[in-house]
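Report on the following structure.
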Amino acid sequence: MELRELGKTGERIPVVGMGTWAIGNSSGDQRREEVKAIQRGIELGMTFIDTAEIYGHGRSESLVGDAIRDCRDQVFLATKVAPENFAYDDVIRSCDASLQRLGVKFVDLYQLHWPNPRVPIQTTMRAMEELVATGKTRYVGVSNFSVEQTMQAQESLPRSELVSNQVRYSITSRSIEADLLPYCRKERITVIAYSPLDTGNIPISRIPKDMLAKYEMTPAQLMLNWVTFQEPVMTIPKAGRVSHVEENARSIDARISQADYEALAKKFE
Ligand code: NAP
2 MELRELGKTG
12 ERIPVVGMGT
22 WAIGNSSGDQ
32 RREEVKAIQR
42 GIELGMTFID
52 TAEIYGHGRS
62 ESLVGDAIRD
72 CRDQVFLATK
82 VAPENFAYDD
92 VIRSCDASLQ
102 RLGVKFVDLY
112 QLHWPNPRVP
122 IQTTMRAMEE
132 LVATGKTRYV
142 GVSNFSVEQT
152 MQAQESLPRS
162 ELVSNQVRYS
172 ITSRSIEADL
182 LPYCRKERIT
192 VIAYSPLDTG
202 NIPISRIPKD
212 MLAKYEMTPA
222 QLMLNWVTFQ
232 EPVMTIPKAG
242 RVSHVEENAR
252 SIDARISQAD
262 YEALAKKFE
């Protein structure tokens with residue numbers, strides 16, 4: 002699995018990880034399959050796992066906790082605090098609750114899930130820095146922040162670096178290319194692309210068949226290869242099935258050419 006530096010941390014993490022929205026809501030066979038899918042992904046090198054306190058009201062975190070119980074030290078674990086919990090004490094409480102559900106002593110990345118203009122970012126970031134100081138998270142990130150909000154977040158972190166911004170990005174959702182992507186590239190803030198498979202609506206008929214044949218890739222693999230072609234993008238496709246996880250893990254075994262990257266970009270403009 003290809004690795005890329007997280008922000009300016011010097012730490013390299015998998016370019017393709019695993020998202021877990023809508024995972025953990027079922028019981029029985031489906032839950033077992035989801036646990037197996039995450040464990041298989043870890044075996045295949047997708048050791049970057051993203052979850053959030055609001056996914057299934059904590060059920061996603063609980064499932065991730067079950068899946069990583071015997072391999073926590075192999076995983077780069079990211080979760081998120083919801084905007085309604087951005088007051089200082091609430092951030093600390095939310096993090097403690099997430100750690101409990103995940104069954105871990107710390108997470109690797111703690112992210113603000115969406116901006117919340119009703120709570121001063123300085124207050125929220127003071128709490129995030131306290132979590133770094135007390136060892137409950139190693140790094141601080143944001144999600145769904147505009148360029149201006151990202152700048153404010155950076156300025157509100159005197160003792161830490163902002164390492165990432167998790168935003169929607171795929172071959173069919175390209176709005177960040179106008180300003181956020183260039184800004185993050187310049188600042189060396191990792192862009193974590195969510196919904197890289199357009200939430201499962203893979204535009205199969207629009208993907209050139211000759212390109213799939215040339216690289217021996219499936220449409221999903223080509224989408225993941227394309228979205229992570231450029232620095233500083235990593236991605237976290239969600240897959241609740243082992244077969245999808247296996248497919249996604251092989252998506253960047255080889256890279257498409259610059260010319261094909263550009264041709265695809267143009268086709269989906
Ligand atoms: P996604 O990853 O674009 O798509 C997930 C869908 O694609 C699922 O239905 C999955 O099916 C299917 N799939 C996965 N691999 C496939 C493959 N190889 N071939 C065909 N279909 C495949 O959408 P997403 O879940 O919205 O985004 C990914 C992650 O990003 C989320 O899980 C979450 O962690 C994060 N996210 C963050 C935010 C935010 O605000 N920060 C918002 C949305 C998402 P199966 O499940 O059946 O395998």
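Position 43, counted from 1, in the sequence shown is what this note's numbering calls 44; the numbers after and before it change by one each time, with no gaps. Glycine is no exception: its CB is placed at the ideal position from the N, C-alpha and C atoms.
Measure from the alpha carbon of residue i to the alpha carbon of each residue in the options, then state which is nearest.
| i | options | result |
| --- | --- | --- |
| glutamine 31 | Arg256, Ser252 and Ala240 | Ala240 |
| glutamate 44 | Ala53, Ile24, Gly29 and Cys72 | Cys72 |
| serine 28 | Ala53, Val16 and Ser63 | Ser63 |
| serine 164 | Met2, Gly8, Leu4 and Glu3 | In the sequence on display, residue 164 carries valine and not serine. For valine 164, the nearest C-alpha among the options comes from Gly8. |
| glutamine 101 | Asp67, Ile203 and Glu35 | Asp67 |
| glutamate 162 | Glu3, Gly11 and Met2 | Gly11 |
| lysine 267 | Asn249, His245, Asp180 and Ile208 | Ile208 |
| lysine 81 | Pro15, Glu54, Ala179 and Arg60 | Glu54 |
| alanine 23 | Arg13, Leu4 and Val65 | Val65 |
| aspartate 199 | Glu217, Ala128 and Gln222 | Gln222 |
| leucine 181 | Pro159, Met152 and Ile172 | Met152 |
| asparagine 249 | Glu85, Arg33, Gly42 and Leu265 | Gly42 |
| threonine 191 | Met2, Val141 and Leu225 | Val141 |
| glutamate 217 | Arg256, Val143 and Ile50 | Arg256 |
| serine 147 | Glu130, Lys210, Asn166 and Ile69 | Asn166 |
| glutamate 232 | Glu178, Ser99, Gly104 and Thr173 | Glu178 |
| methionine 212 | Val168, Asp261 and Arg242 | Asp261 |
| glycine 25 | Ile50, Tyr56, Gly46 and Arg13 | Tyr56 |
| asparagine 145 | Gly136, Ala98, Val168 and Thr52 | Val168 |
| glycine 59 | Ser95, Pro183, Glu85 and Ile39 | Ser95 |
Go ahead and pull the three-state DSSP assignment for residue i.
| i | result |
| --- | --- |
| alanine 134 | helix |
| serine 165 | strand |
| tyrosine 184 | helix |
| methionine 235 | strand |
| arginine 139 | strand |
| valine 4 | First, the residue type needs correcting, since residue 4 is leucine and not valine in the sequence shown. Here leucine 4 sits in strand by DSSP. |
| aspartate 51 | strand |
| serine 176 | helix |
| isoleucine 190 | coil |
| glycine 11 | coil |
| glycine 42 | helix |
| glycine 20 | strand |
Near residue i, what residues of its chain come up, given a Cβ to Cβ distance below 6 Å and the 5 sequence neighbours on each side ignored?
| i | result |
| --- | --- |
| serine 157 | Ile122, Gln123 and Met126 |
| alanine 194 | Tyr170, Val228, Val234 and Thr236 |
| arginine 175 | none |
| phenylalanine 87 | Asn117, Val120 and Thr125 |
| asparagine 226 | Ser252, Ile253 and Ile257 |
| valine 61 | Position check: residue 61 holds serine in this sequence, whereas valine was assumed. Closer than 6 Å at the Cβ level, and outside the excluded window around serine 61, lie Thr21, Ile24, Gly25 and Thr52. |
| valine 246 | Ala38, Arg41, Gly42 and Ala240 |
Taking 7 Å as the cut-off, does the CB of residue i come closer than this to any heavy atom belonging to the ligand NAP?
| i | result |
| --- | --- |
| isoleucine 237 | yes |
| histidine 245 | yes |
| glycine 25 | no |
| glycine 201 | yes |
| glutamine 167 | yes |
| serine 196 | yes |
| serine 144 | yes |
| glycine 20 | yes |
| asparagine 117 | no |
| aspartate 51 | yes |
| glycine 241 | yes |
| alanine 128 | no |
| glutamate 85 | no |
| asparagine 249 | yes |
| alanine 179 | no |
| histidine 271 | The requested residue 271 does not occur in the structure, where the chain is confined to residues 2 to 270. |
| alanine 221 | yes |
Ordered along the chain, which non-local residues of its own chain (more than five positions away) have a Cβ less than 8 Å from that of residue i?
| i | result |
| --- | --- |
| arginine 139 | Phe107, Val108, Asp109, Leu110 and Val133 |
Below 7 Å CB to CB, which residues in the same chain sit around residue i once its five sequence neighbours on both sides are set aside?
| i | result |
| --- | --- |
| threonine 48 | Pro15, Gln75, Val76 and Phe77 |
| valine 143 | Gln112, Leu113, Thr151, Ala154, Leu163 and Asn166 |
Please find out if some non-hydrogen atom of the ligand GDP comes closer than 7 Å to the beta-carbon of residue i.
| i | result |
| --- | --- |
| isoleucine 203 | Looking for the ligand GDP in the displayed structure turns up nothing; the ligands present are the ligand NAP. |
| Which ranges does the beta strand (DSSP E) cover as unbroken runs of at least 3 residues, wholly within the stretch 54–135, from first to last along the chain? | 77–82 and 108–113
| Can you list the alpha helix (DSSP H) stretches of 4 or more residues lying completely in the stretch 195–250, in chain order? | 210–216, 220–228 and 243–250
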